[in-house]
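The end of the sequence shown is residue 60 by this note's numbering, with every number in the run present.
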Amino acid sequence: MAKSKNHTAHNQSKKAHRNGIKRPQKHKYTSRKGMDPKFLRNQVGSSSSWGTATAAWLA
């Protein structure tokens, strides 16, 4: 008896391109999970515009 076929990629590329291969959707805010806590604490102060506006006003 002949061995049975284990795998084929026939027609898979055509099926994938039929509706187009799309890029993953971009989100407005990326997750900060797993990022360095010290870096994140610094980002809280630096991301707000308080420092830049008052620095120009005080000078």
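For every residue, glycine included, the Cβ atom is placed at its ideal position computed from N, Cα and C. Bear in mind that the values here come from a model prediction, so they are computed numbers and not experimental data.
query: DSSP state of Lys15 mapped onto helix, strand, coil; result: helix
query: Residue range of the unbroken alpha helix (DSSP H) whose run includes Asn43; result: Pro38 to Ser48
query: Same chain, Cβ closer than 6 Å to Ser47, five either side skipped, listed in chain order; result: none
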